[in-house]
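Visitor:
There are 2 protein chains.
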Amino acid sequence: MAEDRFALRPGERRLGFDPAAHPRAQLTFIGRIRSSWGPENCPKNLMRARDSGQTATVEIDLPYRAGLEGIAPGDRVLLLYWMDHAPRDLIRQVPRHRPEGAGVFALRSPARPNPVSLAAVVCTAIDHAAGRMQIDAIDCYDGTPLLDIKPWLPTVDIPPDTITSG
Amino acid sequence: MAEDRFALRPGERRLGFDPAAHPRAQLTFIGRIRSSWGPENCPKNLMRARDSGQTATVEIDLPYRAGLEGIAPGDRVLLLYWMDHAPRDLIRQVPRHRPEGAGVFALRSPARPNPVSLAAVVCTAIDHAAGRMQIDAIDCYDGTPLLDIKPWLPTVDIPPDTITSG
Numbered sequence: 001m002a003e004d005r006f007a008l009r010p011g012e013r014r015l016g017f018d019p020a021a022h023p024r025a026q027l028t029f030i031g032r033i034r035s036s037w038g039p040e041n042c043p044k045n046l047m048r049a050r051d052s053g054q055t056a057t058v059e060i061d062l063p064y065r066a067g068l069e070g071i072a073p074g075d076r077v078l079l080l081y082w083m084d085h086a087p088r089d090l091i092r093q094v095p096r097h098r099p100e101g102a103g104v105f106a107l108r109s110p111a112r113p114n115p116v117s118l119a120a121v122v123c124t125a126i127d128h129a130a131g132r133m134q135i136d137a138i139d140c141y142d143g144t145p146l147l148d149i150k151p152w153l154p155t156v157d158i159p160p161d162t163i164t165s166g
Numbered sequence: 001m002a003e004d005r006f007a008l009r010p011g012e013r014r015l016g017f018d019p020a021a022h023p024r025a026q027l028t029f030i031g032r033i034r035s036s037w038g039p040e041n042c043p044k045n046l047m048r049a050r051d052s053g054q055t056a057t058v059e060i061d062l063p064y065r066a067g068l069e070g071i072a073p074g075d076r077v078l079l080l081y082w083m084d085h086a087p088r089d090l091i092r093q094v095p096r097h098r099p100e101g102a103g104v105f106a107l108r109s110p111a112r113p114n115p116v117s118l119a120a121v122v123c124t125a126i127d128h129a130a131g132r133m134q135i136d137a138i139d140c141y142d143g144t145p146l147l148d149i150k151p152w153l154p155t156v157d158i159p160p161d162t163i164t165s166g
């Protein structure tokens, strides 16, 4: 299994070093994501996760629970989480849906120099004291470390359609 | 200046510890953001930055430039960057636009346990070999460390308007 995941496909390229060996900043974990997913059944992206109808839960560690004040059911939020199973050195990748391949920064692969994923989801229920928030869908394994929650704002989180350069 | 930034306003609360003292994962920097902004003139958010008409440039370090393959002018991308000037222990904050205050996870403040910010922007020009990408706008200081670039995808990056719980 693991060998399969880390073997290169034709056209793929490694950095030649592990970005984790060049630490410049430290992340802490504020909680965990509880999902129905593991390596054998995890949806490829958030759209497919949503289509599955499976909800998920975010568990916030005790010191950070006061940070949930102001989040209510129906709110749209961004979750940032740490893809701790992903290799960090695949600079060019060839996903099945893109057989010509592309650079990692043109792909949403979890395998990237800094494996921070983000999901735009809906808070469907929240227990502030218990530090538990139910969300409509997620596309990561059960137990994935949580880094941040931010309100999703259409005024800043939807980029313009077109920009005239110069 | 610094004292002003780190003093608590009425209603604000600290964690009582520095999240940086509890590292669980390591980030590396893949480049820097070059902007027109510093502490004295930085826009409060991306919408205001866009209104200013000031563009910005992303500089990617040599080993990571191959990761830009597939990004073209006109593409909408997400940038993740490290707010290295922000305090990490303000769990409840009282911004000027929200005098009743709120938990950090209900706010887009750069001051948060893991100070990772994100911006949904437009690539207006790109030099893959030089590792330089021009973007339409950004809301961070010149020199801010860059963590990641991802394609912005409306199918996953716009959450549903409403979700029926249960």
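Quick note, the sequences are listed as chains D and S, same order.
For the first sequence, the residue numbers in the numbering used here are 1 to 166.
For the second sequence, the residue numbers in the numbering used here are 1 to 166.
C-beta atoms are modelled at their ideal positions from N, C-alpha and C, and glycine is treated no differently.
#1: Within 10 angstroms of the Cβ of residue 102 (chain D), are there 16 or more other Cβ atoms? Answer buried if so, exposed if not.
#2: Determine which residues share a DSSP beta bridge with residue 133 (chain D) and list them.
#3: Grab me the residues of residue 152 (chain S)'s own chain with a C-beta within less than 6 Å of its C-beta, minus the 5 sequence neighbours each way, in chain order.
#4: How many Å lie between residue 73 (chain S) and residue 16 (chain S) at the Cα?
#5: Could you tell me if the beta carbon of residue 142 (chain D) falls within a distance shorter than 7 Å of some heavy atom in the ligand FMN?
#6: Would you list, in chain order, the members of the stretch 113-124 of chain S that have their beta-carbon closer than 8 Å to a beta-carbon of chain C?
#7: For residue 145 (chain S), report the span of its alpha helix (DSSP H) as first-last.
#8: Kindly confirm or deny that the stretch 19-35 of chain S and the stretch 125-145 of chain S touch, where touching means at least three C-beta pairs closer than 8 Å.
#9: Skipping 5 residues on each side, what residues in its chain have a beta carbon closer than 7 Å to that of residue 28 (chain S)?
#10: If you measure between the beta carbons of residue 9 (chain D) and residue 104 (chain D), is that distance less than 8 Å?
#11: Can you check the stretch 29-117 of chain S for any alpha helix (DSSP H) of at least 4 residues that lies completely inside it and give the ranges in chain order?
#12: Give me the Cβ distance between residue 46 (chain S) and residue 80 (chain S), rounded to the nearest whole Å; I'm assuming they're in contact under 8 Å.
#13: Cα separation between residue 66 (chain S) and residue 128 (chain S)?
#14: Which residues of chain D have a Cβ atom closer than 9 Å to the Cβ of residue 57 (chain S), listed in chain order?
#15: Quick one: Cα of residue 125 (chain S) to Cα of residue 138 (chain S), how far?
#16: Mapping DSSP to helix, strand and coil, what is residue 7 (chain D)?
#17: For residue 24 (chain D), tell me which candidate among S:21, S:30 and S:22 has the shortest Cα-Cα distance.
#18: Do you know how far the Cα of residue 116 (chain S) is from the Cα of residue 1 (chain S)?
#19: Residue range of the alpha helix (DSSP H) that residue 154 (chain S) falls in?
#20: Using a 10 Å radius around the Cβ and a threshold of 16 neighbouring Cβ atoms, would you call residue 18 (chain S) buried or exposed?
#21: Who are the neighbours of residue 102 (chain D) on chain S, taking C-beta pairs under 7 Å?
Guide: Straight from the coordinates:
#1: Position 102 of the first sequence, counted from the first residue, corresponds to residue 102 (chain D). Taking all protein chains shown into account, residue 102 (chain D) has 16 or more neighbouring C-beta atoms within 10 Å of its C-beta and is therefore buried.
#2: Position 133 of the first sequence, counted from the start, is the residue given in the question as residue 133 (chain D). Looking at the DSSP assignment, residue 133 (chain D) forms a beta bridge with D:58 and D:126.
#3: As a first step, residue 152 (chain S) must be located in the second sequence, where it is residue number 152. Correct list, in chain order: 76, 77, 78 and 120.
#4: Walking along the second sequence from the start, residue 73 (chain S) turns up at place 73. Walking along the second sequence from the start, residue 16 (chain S) turns up at place 16. Between residue 73 (chain S) and residue 16 (chain S), the C-alpha separation is close to 46 Å.
#5: The ligand content of the structure shown is nil, which means the ligand FMN is not present either.
#6: Of the protein chains in the structure, D and S, none is chain C.
#7: What you label residue 145 (chain S) is simply residue 145 of the second sequence in a count that begins at 1. No alpha helix (DSSP H) holds residue 145 (chain S); the beta strand (DSSP E) holding it covers 144-151.
#8: Three or more pairs of CB atoms, one per stretch, sit closer than 8 Å, so the stretch 19-35 of chain S contacts the stretch 125-145 of chain S.
#9: Along the second sequence, one-based indexing puts residue 28 (chain S) at 28. Taken in chain order, the list of residues that qualify is empty.
#10: Within the first sequence, residue 9 (chain D) is the residue found at index 9, counting from 1. Within the first sequence, residue 104 (chain D) is the residue found at index 104, counting from 1. Against a cut-off of 8 Å, the Cβ pair of residue 104 (chain D) and residue 9 (chain D) comes out as no contact.
#11: Whole alpha helix (DSSP H) segments, 4+ residues: 46-52.
#12: Here residue 46 (chain S) refers to the residue found at position 46 of the second sequence. Here residue 80 (chain S) refers to the residue found at position 80 of the second sequence. For a cut-off of 8 Å, the C-beta gap from residue 46 (chain S) to residue 80 (chain S) is around 13 Å, too long to register as a contact.
#13: For this step, residue 66 (chain S) is matched to residue 66 along the second sequence. For this step, residue 128 (chain S) is matched to residue 128 along the second sequence. If I take the Cα positions, the gap works out to 8 Å.
#14: Mapped onto the second sequence, residue 57 (chain S) falls at position 57. Within 9 Å Cβ-Cβ: nothing; residue 57 (chain S) doesn't reach chain D, min ~13 Å.
#15: To locate residue 125 (chain S), count along the second sequence from 1; it is residue 125. To locate residue 138 (chain S), count along the second sequence from 1; it is residue 138. CA-CA distance, residue 125 (chain S) to residue 138 (chain S), rounds to 15 Å.
#16: Counting from 1 along the first sequence, the entry for residue 7 (chain D) is found at position 7. Reduced to three states, the DSSP call for residue 7 (chain D) is coil.
#17: Residue mapping note: residue 24 (chain D) aligns to position 24 of the first sequence, counting from 1. The option with the nearest alpha carbon to residue 24 (chain D) is S:30.
#18: Counted from its first residue, the second sequence places residue 1 (chain S) at position 1. Counted from its first residue, the second sequence places residue 116 (chain S) at position 116. Bear in mind that the predicted position of residue 1 (chain S) carries a pLDDT of just 36, short of 50, making it too unreliable to give a figure here.
#19: Residue numbering aside, residue 154 (chain S) sits at position 154 when the second sequence is read from its first letter. Counting along the chain, the alpha helix (DSSP H) containing residue 154 (chain S) begins and ends at 154-157.
#20: The residue you call residue 18 (chain S) lines up with position 18 of the second sequence. Looking at its Cβ environment, which holds fewer than 16 other Cβ atoms inside 10 Å, residue 18 (chain S) is exposed.
#21: On the first sequence, position 102 is the one that residue 102 (chain D) refers to. Result: 69 and 70.
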